[in-house]
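Here our numbering runs 8 ahead of the position in the sequence shown, where the first position is 1.
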Amino acid sequence: MRDVPTFGCLAFDHYVLEHWDADSPLSKNEQKRSLVDKWIRLGRYGRNQYFNDAPDAKVIPPHIPQDLLTPKERQVDGQISRTILVRTWYGEKNDKSNQGAADEAYKRLLLYIMQQGDPDDYNICMEPEFVYDNKDEFFSDDAHNVLDSPDLANGMALGTPGSVPSYVVTALMHCPDQFDGNSYRSKWRSHTPSQAEAEEAVQDTRQSILVLVADKKACEDGWVLFMAINHKARVLPLRLRGQARETSTLVANWDDGQALEENADDPDEDMELYLHEGGGWD
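Rendered as structure tokens:
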């Protein structure tokens, strides 16, 4: 079992220490979301300044919340995976029957994604800790990504290049350190300002995290959306639609260092590319 890092061991903890506003009119969760949104947009060099040793617990001001992440989330934050799965389709608003059908469709999709459709296959394709499908977070009336929004249209994720989708922010509220990890040995952490400036321009065009989106098309038709985001959580131009059953292959390829851009001749073109003909459940 992994140890639970105490407060102050994660870089995001230091950002909270510096920026938490005890007098904010926002609720605790709203302020957390606001901080996570700003945090992920900093990019890895902006976040690196907060990668420090944990402070003495005695000097942490009493108004600073130390429970923004659960113990389970702290165990895995910044570790294990560079892939997350986000469910965005929960059915039509005010239509319980449709929502029930959406739940069943998602269950089928998740089985295909995690176990290639075989409930007896225990070689799951990704860590379940990074599957985000809580209806209360992603579908409630006060959720930030409703059925039709700048990020979603008619239940389908748009993946607009350069955008930071609201559902990605919601997911990263559970793992804000996922971009950079927690290792002191990463060479880029000791880059000079000039090195950082040059490298940041490169990182702006490179995939940092693979996002699997279970939107309406994925849940109903089996075509999973594969989206690459850079170190500032911005969507890169190329998106893929892959058959649900082949998700494990694409995730394994990413784990081996193959970015989504390697599936296209021109990765800078704004496009949603289907990897195969036929149906998503084939």
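For each residue, glycine too, the CB sits at the ideal point set by N, CA and C.
Check, Outcome
"Contact set for E280: own chain, Cβ-Cβ below 8 Å, skip 5 residues either direction", "G167, L233, R247, L248, R249"
"Secondary structure, alpha helix (DSSP H): runs of 4+ residues fully inside the region 119-197", "143-146, 174-180"
"Whole-number beta carbon distance between R95 and Y140, since they are thought to touch under 8 Å", "7 Å"
"Same chain only: Cβ atoms within 7 Å of Q123, ignoring 5 sequence neighbours per side", "D129, I132"
"Nearest candidate by alpha-carbon position, reference Q74, set Q107, L283, E285, F20", "F20"
"Pair within 8 Å by beta-carbon distance, H239 and S216", "yes"
"Inter-stretch contact at 8 Å, needing at least 3 Cβ pairs: the region 95-104 / the region 53-73", "no"
"Beta-carbon proximity check, A179 vs I92, cutoff 8 Å", "yes"
"Assigned secondary structure, T91 (DSSP; H/G/I helix, E/B strand, else coil)", "strand"
"Extent of the continuous beta strand (DSSP E) run through F234", "231-237"
"Contacting residues, own chain, Cβ-Cβ under 7 Å from E72 (five flanking each side not counted)", "One point to set straight first is that residue 72 is Ile, not Glu, in the sequence displayed. These residues qualify, in order along the chain: V24, L25, W28."
"Selection from F138, L34, R52, F15 that minimises the alpha carbon distance to V67", "F15"
"DSSP state of A226 mapped onto helix, strand, coil", "helix"
"Neighbourhood of D149 by C-beta, 6 Å cutoff - its chain only, sequence neighbours within 5 removed", "For D149, the predicted model reports a pLDDT of 49, less than 50, meaning its position is unreliable; a value from the coordinates is still stated below. Here the set comprises nothing."
"Residues near A204 in its chain [Cβ-Cβ closer than 7 Å; skip 5 each side]", "Y53"
"Host alpha helix (DSSP H) of Y23 (start-end)", "19-27"
"Own chain residues within Cβ distance below 8 Å of L50, not counting five before or after", "K240"
"Secondary structure of G288, DSSP reduced to three states", "coil"
"Alpha-carbon to alpha-carbon, E135 and A222", "16 Å"
"Integer Cβ distance of C183 from D274, believed to fall under 8 Å", "About 32 Å; that fails the 8 Å criterion."
"For N142, the nearest candidate out of G163, G125, L160, Y175 (CA to CA)", "Y175"
"Nearest-angstrom beta carbon gap, K224 and Q125 [assumed within contact, 8 Å]", "It is worth fixing the name first, because residue 125 is Gly in this sequence and not Gln. No, G125 and K224 are not in contact; Cβ-Cβ is about 20 Å, not under 8 Å."
"Through-space distance from G286 to L76, alpha-carbon basis", "44 Å"
"First and last residue of the uninterrupted alpha helix (DSSP H) at V259", "255-263"
"Strand pairing of Q251, partner residues [DSSP]", "W231"
"Strand pairing of I323, partner residues [DSSP]", "For residue 323 there is no data in the structure shown, the boundaries of the chain being 9 and 290."
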